[in-house]
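Chemist: Heads up: the protein sequence lines correspond to chains X and C, in order. Under numbering that gives the first Met the number 0, think of the first position of the first sequence as 0, with each following residue one higher. Under numbering that gives the first Met the number 0, think of the first position of the second sequence as 0, with each following residue one higher. Pasting in a structure now, in structure tokens, and then I'll have a few things to ask.
2 protein chains.
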Amino acid sequence: MTRVLYDLCGIDEGLRFSPYCWRVRYALAHKGLEVEARPWRFTDKQALAFADHDKVPVLVDGDEVITDSYEILRYLDRAYPDAPLLGDAVAEGRARFLKHYAERALQPAMMRTIIMDLLNAVHPDDRDYFRESREKRFGRTLEEFHSPAKGLSQLDAALEPLRGRLKEADYIDGASPAAGDYLVFGSFMWARTVSSADLVSNADPVHAWLERMLDLHGGLGRHAMRITDVEGAYR
Amino acid sequence: MTRVLYDLCGIDEGLRFSPYCWRVRYALAHKGLEVEARPWRFTDKQALAFADHDKVPVLVDGDEVITDSYEILRYLDRAYPDAPLLGDAVAEGRARFLKHYAERALQPAMMRTIIMDLLNAVHPDDRDYFRESREKRFGRTLEEFHSPAKGLSQLDAALEPLRGRLKEADYIDGASPAAGDYLVFGSFMWARTVSSADLVSNADPVHAWLERMLDLHGGLGRHAMRITDVEGAYR
Numbered sequence: 000m001t002r003v004l005y006d007l008c009g010i011d012e013g014l015r016f017s018p019y020c021w022r023v024r025y026a027l028a029h030k031g032l033e034v035e036a037r038p039w040r041f042t043d044k045q046a047l048a049f050a051d052h053d054k055v056p057v058l059v060d061g062d063e064v065i066t067d068s069y070e071i072l073r074y075l076d077r078a079y080p081d082a083p084l085l086g087d088a089v090a091e092g093r094a095r096f097l098k099h100y101a102e103r104a105l106q107p108a109m110m111r112t113i114i115m116d117l118l119n120a121v122h123p124d125d126r127d128y129f130r131e132s133r134e135k136r137f138g139r140t141l142e143e144f145h146s147p148a149k150g151l152s153q154l155d156a157a158l159e160p161l162r163g164r165l166k167e168a169d170y171i172d173g174a175s176p177a178a179g180d181y182l183v184f185g186s187f188m189w190a191r192t193v194s195s196a197d198l199v200s201n202a203d204p205v206h207a208w209l210e211r212m213l214d215l216h217g218g219l220g221r222h223a224m225r226i227t228d229v230e231g232a233y234r
Numbered sequence: 000m001t002r003v004l005y006d007l008c009g010i011d012e013g014l015r016f017s018p019y020c021w022r023v024r025y026a027l028a029h030k031g032l033e034v035e036a037r038p039w040r041f042t043d044k045q046a047l048a049f050a051d052h053d054k055v056p057v058l059v060d061g062d063e064v065i066t067d068s069y070e071i072l073r074y075l076d077r078a079y080p081d082a083p084l085l086g087d088a089v090a091e092g093r094a095r096f097l098k099h100y101a102e103r104a105l106q107p108a109m110m111r112t113i114i115m116d117l118l119n120a121v122h123p124d125d126r127d128y129f130r131e132s133r134e135k136r137f138g139r140t141l142e143e144f145h146s147p148a149k150g151l152s153q154l155d156a157a158l159e160p161l162r163g164r165l166k167e168a169d170y171i172d173g174a175s176p177a178a179g180d181y182l183v184f185g186s187f188m189w190a191r192t193v194s195s196a197d198l199v200s201n202a203d204p205v206h207a208w209l210e211r212m213l214d215l216h217g218g219l220g221r222h223a224m225r226i227t228d229v230e231g232a233y234r
């Protein structure tokens with residue numbers, strides 16, 4: 000059986016930076032499932048027409064086609080019940096809160112900090128699309144939106160609940176990681192792959208958790224290509 | 000069997016405003032357990048000597064004495080397994096994140112907004128203790144710390160993940176409330192009982208959830224005394 004994940008790539012085919020695709024990469028590894036992570040670019044809408052969708056991740060698992068990172072996690076728990084990701088209904092409700100925490104508290108703060116790095120990391124053919132869609136979303140130019148000082152200060156405040164949790168446990172989900180960790184960690188992989196910005200101080204319990212997450216599943220995150228690995232790309 | 004909860008009261012014995020005690024009041028109601036909520040004041044340390052503790056909530060349940068709101072929730076799940084509050088280990092890990100979210104993201108923002116209302120709501124005999132302990136914690140006078148503008152703007156940002164979750168479900172924990180909801184809602188009861196400040200706009204999905212939470216368990220929160228109910232107390 001072929002299992003294919005359409006995975007956002009940047010200026011180099013090996014540079015994979017979507018926070019949503021990283022959630023899925025970690026979830027697949029958690030289940031012990033192999034996957035071909037096929038490179039896809041923002042403007043390559045045609046390649047996803049078969050899924051009636053225009054964004055990644057898209058997972059093709061045999062005859063199944065699943066879109067949206069959260070729905071993919073749910074699918075994986077249904078199709079491969081061993082090593083649960085989301086857990087029962089109450090556990091899943093709380094995982095959904097963590098999803099929104101990543102998307103609505105962490106990512107906007109990170110975005111403010113790394114937006115110019117992101118523009119630099121996307122494929123040159125995608126840059127017009129990226130600039131136009133993001134400037135529309137932010138209601139201003141990327142240059143006006145960009146403010147590492149504001150972004151880092153916003154991120155510092157947003158990290159407070161995560162700090163509290165990681166002072167008392169190795170993972171958000173307890174003694175070992177599951178969907179709660181992957182949903183949040185994807186956002187950090189996004190920033191890590193496109194930027195060399197230090198988002199979290201060494202002394203922060205979040206930093207120790209990030210190091211553990213990078214090492215999981217054979218160093219899946221640790222060994223991922225970063226923009227600084229692409230010769231001449233980081234500016 | 001007697002069941003007693005030592006519960007923080009303010010300028011009126013009926014004014015109960017501790018966010019941590021409210022968590023426990025809701026958790027007990029969730030289990031269908033009766034309790035005598037005995038009024039206690041900050042400076043009445045002697046009354047808690049039997050528990051070797053100096054803060055409320057303290058729950059006395061027959062021969063058991065349990066301190067700390069979160070530990071009381073855990074105790075209730077052990078002693079009364081029907082109608083679980085916290086759930087299994089993974090669900091509980093995520094509930095702990097919600098606890099930190101309430102304490103480290105929501106409450107500091109609310110505190111900034113309602114600190115002078117809080118001072119006004121505590122019992123006159125407790126005010127010196129309250130001012131001194133809080134000024135030490137904040138590193139400045141209550142008057143310097145007080146800034147509804149800053150607090151409300153901080154709260155607006157902190158509510159983002161909660162908004163996302165409550166757009167898709169009636170309760171944080173899903174179709175019906177459990178510990179995730181109570182851990183967070185306690186903070187809103189704290190603000191509601193001591194202040195008439197509008198913290199959340201009518202149009203916000205968080206507002207609709209607050210209304211639902213107030214009505215739960217026979218209107219437990221809705222019928223709670225507020226400072227505005229105490230004649231001549233609100234200024």
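Ideal Cβ positions, reconstructed from N, Cα and C, are used throughout, including at glycine.
(1) Can you give me the C-alpha to C-alpha distance between T140/C and R133/C, rounded to a whole angstrom?
(2) Can we count I71/C as close to the ligand NAP, meaning its CB is less than 8 Å from some heavy atom?
(3) Go ahead and label A120/X buried or exposed: buried means 16 or more other beta carbons lie within 10 angstroms of its beta carbon, across all protein chains shown.
(4) So H216/X contacts chain C; which residues on that side make the cut at Cβ distance below 8 Å?
(5) Quick test of your reading: V193/C and L209/C, contact by CB under 8 Å. State the CB separation rounded to the nearest angstrom.
(6) By the criterion of Cβ-Cβ separation under 8 Å, what are the contact partners of A82/C in chain X?
(7) Would you please state the rounded distance, in angstroms, between the beta carbons of L58/X and I71/X? I believe it to be under 8 Å.
(8) Would you check if the distance between the CB atom of L47/C and the CB atom of Y5/C is smaller than 9 Å?
(9) Kindly list the residues whose CB is nearer than 6 Å to the CB of D116/X, restricted to its own chain and excluding five residues on each side of it in sequence; keep chain order.
(10) In terms of residue numbering, what span does the beta strand (DSSP E) encompassing R37/C cover?
(11) Return the chain-ordered list of same chain residues with a C-beta closer than 7 Å to the C-beta of A90/X, the five sequence neighbours on each side being excluded.
(12) Could you work out which residue in M110/X, L27/X, A88/X and P38/X is closest to D81/X when comparing CA atoms only?
(13) Of all the alpha helix (DSSP H) runs that stay within the bounds of the segment 3-33 of chain C, which reach a length of 4 or more residues?
(14) How close, in whole Å, do the beta carbons of R211/X and H99/C come, if the pair is a contact with beta carbons under 8 Å?
(15) What separation, rounded to the nearest whole angstrom, lies between the Cα atoms of P176/X and T42/X?
(16) Does K98/X have its Cβ less than 9 Å from a Cβ in chain C?
(17) Spatial neighbours of G13/X within its chain, please: CB distance less than 6 Å, with the 5 preceding and 5 following residues excluded, ordered by chain position.
(18) According to a CB-to-CB cut-off of less than 9 Å, which residues of the segment 84-95 of chain X neighbour chain C?
(19) Does any residue of chain C have a CB that is nearer than 9 Å to the CB of D203/X?
Modeler: Walking through what the data contain:
(1) 8 Å
(2) You won't find the ligand NAP in this model; it holds no ligand whatsoever.
(3) buried
(4) None at all; the shortest Cβ gap to chain C is about 18 Å.
(5) The pair is not a contact, with the Cβ atoms about 16 Å apart (cut-off 8 Å).
(6) Simply none; closest approach about 12 Å.
(7) 5 Å
(8) yes
(9) V193 and S194
(10) E35 to W39
(11) none
(12) L27/X
(13) 18-29
(14) About 18 Å separates the two Cβ atoms, so there is no contact after all.
(15) 34 Å
(16) yes
(17) M224
(18) L85, G86, D87, A88, V89, A90, E91, G92, R93, A94 and R95
(19) no
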